[in-house]
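Note sheet for the following structure.
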Amino acid sequence: MNINSILSNLEHCGHYDKDNGPIYKFCNKCGIVCEDCNNKYHVHNKNKMFLKHPVEKLEDHLKSIFICSFLEFEKNNKLLPNQLTEMEENSKLLSVSWEEKKISTDNKWFNTGLNEDDVFLMVSFIGPTGTGKSTLISPLSYMTGEYPIPGNQGSTVSTSSDISSYTGTLQIEGKNINYLITDSEGIGGSVIPLKHPITNQKLEKNELEEFGRNREIFVKISYPRLLYMFSDVVVYTFVGVNQKGTITEQLKEISKISASSTNKTTKPHLIIVFNLVAKAGLKEVSESTKDFMDDSFGNKPSELNDFYKSITVVYIPNAKDNDITKKQFSDVLITSLYPIINEKLSESYSDKMNLKTRIPITRERVMSMMYLAIGKFNDNPNVLLDMHKLQAEMEENDKQIETIVGYLTGYFKAYHNHYSSSVTPKFTLAQVYEKSLDKLKSRILEVFLRHHKRTNTQISKHTKELFSDHLKQVSEEIDKYIPCSCKHQPTTDKTIGCVNFKDSHQKHQSSETYPLKKKLNGFLGLFGITETIEQNYDWFGDYMPEFESSNLVEYFNSITKDVKEISFKEPENIEYKGIKTDKICFGCLLGVPESTCTPCGHQLCNHCIKEGLNKCKICQCIQNLADGTLIDFTPTLGYRVLSLDGGGIRGIIECYILKELSKQLFGLPVNKFFDLIVGTSTGGLVALALTTTNITVDELTEKFCTKGKDIFKKTSFFSRFSGVLFQNFKYTQFQRTPKKEVFTEILGSGKPLHLSPKVAVTSVCNSDGSNKACLFASYRGKDPNINTIHDSTTVDAAEGTSAAPTYFPPFIFQGKEYLDGGIHNNNPCKVAYNQALTLWPNQKLDIIASLGTGHYTNNKHKRSENLKNFASMVINILTECESTWTDLSPSLNTQNSIRLTPLLDEDIDLAAVDDASVTKLVTASEKYIKSEQAQNGIKFLGNRLISTLFYVDKLKELNNKLHGKIYCRLKPESLDEASKNLFQTKIIDKIDLNTFQHPGINYTTNQLPIEFTIDLTNLKSPFIIDIKCALQSDNKTENNTSISGCPFELSHYLPN
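Per my numbering: the sequence shown = residues 65 to 1120.
Structure below.
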């Protein structure tokens, strides 16, 4: 059935159109004739006689021959299994991967027959197995020598799986326009490999069933939606016309599923083909369309108009009918179906060319969007896509390429600084530039490919050009570091070189020096007294580059010439010693560090943490995701927040509450039960001590009771008197240095804050007098309403949150002035809550616990005389803490929030560190934690924290049952030996088959992770899952609180 062999077997006139080449027609009597031989008279090449014969388009004649040949071939199909396999593999556009159980692009994706800049047109054939799709498609693609595997009419087994594609051609405005033809797996049939595609081993029955279940939703839901979204013409094929009502309902159901995605700019045209119609039942297209769309029979086929731009119905005869010749069958296709397809494609072409919107129309851009959509379906096969959002995301991915410029440039600069200053033996400037450039080049392809993989973007001409454009900017930046090559001989035996770069070159200058006598300034200089200084050699002259431009674009184009697919290896042996990694993620060069690996301390973005599979991408050391990062990658996990008020020495109260809570948690470290801890002033010190040191709550309480006098060490009488007299914050009541010494004793010296789990302390930046709230944090904040400083030490953070005006001097950090966070957020619960919302926007709040330092109901708050200015800035700090919690409460409920703070019998000043005041605070704390209110609150909190140690994951629904596993988020390896034993004996060993409870739940084991199933039969939509935990904290009070992330709506994690 090769088109060339058909042409070679046909006689032709031998004439041709000299200007336009051969334009052939066909005469049944004489063979092929050219345009010169007109319709009425043409010259037969044998006898040179003028003849009158009817002619037809050669293209139609060849289609007719091809159709007849294909029908014969289909009837006597003797292709071997390996030939069938090869045909299917060569034509496959998309398939469900055996290994990943996801839709993947296949051989035809990169060989569609369309050029990148061609207007994208697509015809999709859909229908039940055995309705003749292959027969209808083959004449459309015959010119390319491609055609589908012949089907078996009436069979329930598809001859091809997934989505195959072929190339068709039509003429529009005198131009040949190629378009894509897709052939989807037959509805109702299913093709599942019997052998493993990699090992070629025979598959077991359970493997086949599991793979079948996984791919079923892609075939039934994802494929139809994908084809509807990107097709210009959809052809549905059916057998016969006797079940109009059933077919109408099927079409409605399929159309509703397919068209459920929103904001598609244009609807596709629908052509309904009734195949295998008896000769007597054949009708003209207009008549068959009118009959089918008639609503009078009650099926309301007109409702289909909501989904399609136009609807046409075509009857096709049964080629096997004795009353129908193959020629008659082919004539029906050529005169009815194919002209309609061409007409609708031409209309779509015109629509796209006239669109005023920015929607993509070229093959390269449309298939890039399709690739993005495939990624969405892989995440959730039942997802409802929005075409406008897809377009916006594709544009955002393009913008992200622009941000890569800064990261690549920064990577070069990091190595340049490293080789310039930290390496022994020293390199020359030329060597520094070359080695730094080599490091950058070694990762350019990796960065390009990784960006496409992460954003699920197809590699295309557009993205290569975009990346190249931005690489020009990188080249421009790093070319500024090309050293000058000029050499100079200041003496006959000495040669020196210029050390200035292109960007800073005004004259030649050497790093080498010579002794220069210089007259002293001032009085001694009057007597001619001189001094000898070392002076750098310099001399005049223009910049002389050591190298030509780095020309990264040329390099990139050379290494991506044949790159079509995303396939790369992780870089090995990333050099990192002596290089700071807090500005750029060295793991990928695609972002900024967000998390710190433990124990190595390397900073990586969360993408790299997740992709590293528990290994640091830089040094390959084993990571522990329990220390603050597990929640970043587990959508079913909820988050737990601890908020700690400010209050000076009254921080003793918070320590006593935490001591009691620690007892309820069997003495385990309290910070291991929270994902984010936020504190203000004294609460900030507690937060930092809990998260950045190994100090116990008991030890911290002792520090507060004994070190208060060292923290609040008074300044001189003159300073205090001046502060009162002039009302000036610069004259403070207490010294800064003693406070810093205590902080250093508790927190350690110079420890970077970013090496800690997620902790933040509030502060106020007062550099321009605006007093803007800010945070010192161990992470990069995502809340646009509050600035985050994340490159400080723990002691810096402690000083920044506790510089209370009139009490302590302002804290100066990186040239800016910072004041006590209590000025705006003495109760930081709102800040903590908003930080958590921005860090984990798609996850549930498990618990937020707000601990206070006591409040006093008498609004006539006693203050020292030098608090006059402070009081004008803070309106009664004590009552403000309670009103802040009251303001936040409407966003919370009794199951996910608690406030613990005592009502004090008398007001105790923030700096009351005398023995009597400390004793009063201890007494008030002990009294409070024994109160019924505190006991009930701490017991609830203890149980809630025990319950939220556990979470569900690996969820999937099979046969109306929810399958999943219960995990524990606290990993033993993150604990010291004593805590590890407590955790095992007090929590893990207590788990049994009654620990986790839910209606209809069953377990296969009581060992973590616990596999479970939940019967969904008796649950009502929307299927709320709320697994309760019966494990008790140390108080032995009954626990029936939800595990982490519960309750949740099942559809939030699973397709409907």
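Even glycine gets a Cβ: it sits at the ideal position worked out from N, Cα and C.
For clarity, every value in this text was computed on a predicted model and none was experimentally measured.
{"query": "Inter-residue spacing [alpha-carbon to alpha-carbon] between N154 and N171", "result": "6 Å"}
{"query": "Helix, strand or coil at K391 [DSSP, three-state]", "result": "helix"}
{"query": "C-beta contact flag for I673 and T660 at 7 Å", "result": "no"}
{"query": "Euclidean distance between Cα positions of I1091 and N1070", "result": "15 Å"}
{"query": "Inter-residue spacing [alpha-carbon to alpha-carbon] between V1016 and K1029", "result": "6 Å"}
{"query": "Stretch pair the segment 723-733 + the segment 693-705: three plus CB contacts closer than 8 Å", "result": "no"}
{"query": "Within 7 Å, strictly: CB atoms of K628 and F174", "result": "yes"}
{"query": "Length-filtered (3 minimum) beta strand (DSSP E) runs lying within the segment 1003-1033", "result": "1014-1022, 1025-1032"}
{"query": "Three-state class that DSSP yields for W173 in the structure shown", "result": "helix"}
{"query": "Assigned secondary structure, V788 (DSSP; H/G/I helix, E/B strand, else coil)", "result": "Bear in mind that the predicted position of V788 carries a pLDDT of just 47, short of 50, making it too unreliable to give a figure here."}
{"query": "Exposure label - E1113; buried when at least 16 CB within 10 Å", "result": "exposed"}
{"query": "For R1008 and Q999, the rounded distance between their alpha carbons", "result": "14 Å"}
{"query": "Backbone CA spacing between L448 and S286 [nearest angstrom]", "result": "10 Å"}
{"query": "Exposed unless 16 or more other CB atoms sit within 10 angstroms - verdict on K924", "result": "Because the pLDDT of K924 is 46, which lies under 50, any placement of that residue in the model is unreliable, and the question is left without a value."}
{"query": "Backbone CA spacing between K681 and E460 [nearest angstrom]", "result": "26 Å"}
{"query": "Entirely enclosed alpha helix (DSSP H) segments - the segment 425-477, minimum 4 residues", "result": "427-443"}
{"query": "Straight-line gap, A913 to P1086 (C-alpha atoms, nearest Å)", "result": "30 Å"}
{"query": "Beta-bridge pairing of Y545 - partner residues as DSSP gives them", "result": "Paired residue(s): none; Y545 is not in a bridge."}
{"query": "Rounded Cβ spacing between T246 and L291 (contact assumed at less than 8 Å)", "result": "6 Å"}
{"query": "Distance between beta carbons of Q799 and K777, contact taken as under 8 Å", "result": "5 Å"}
{"query": "Nearest candidate by alpha-carbon position, reference P966, set T948, S989, D979, K984", "result": "S989"}
{"query": "Under the three-state DSSP convention, the category L847 falls into", "result": "The question names Leu, but residue 847 in the sequence shown is Asp. D847 falls in the coil class under three-state DSSP."}
{"query": "W949 in three-state terms, based on DSSP", "result": "helix"}
{"query": "Opposing strand residues paired with A824 [DSSP bridges]", "result": "V742, A841"}
{"query": "Classification of K440 by the beta-carbon crowding that lies within 10 angstroms, buried from 16 upward", "result": "buried"}
{"query": "Cβ shell of T746 (< 6 Å), same chain only, five flanking positions each side left out", "result": "G710, G711, G712, G715"}
{"query": "Burial state of T983, where buried means 16 or more other Cβ atoms lie within 10 Å", "result": "exposed"}
{"query": "CA nearest to the CA of L493, picked from L535, Q522, P547, N446", "result": "P547"}
{"query": "Reduced DSSP secondary structure (H/G/I, E/B, other) of I1091", "result": "coil"}
{"query": "Exposed unless 16 or more other CB atoms sit within 10 angstroms - verdict on A437", "result": "buried"}
{"query": "P332 in three-state terms, based on DSSP", "result": "coil"}
{"query": "Contact under 7 Å by Cβ, T353 with T376", "result": "yes"}
{"query": "The segment 860-874 / the segment 832-841 touching (three or more Cβ pairs under 8 Å)", "result": "yes"}
{"query": "Inter-residue spacing [alpha-carbon to alpha-carbon] between K880 and G814", "result": "19 Å"}
{"query": "Nearest to D978 (by Cα), restricted to the options D543, P381, S350, G772", "result": "G772"}
{"query": "Counterpart residues of N1000 in DSSP-defined beta bridges", "result": "N1000 is not bridged to any residue."}
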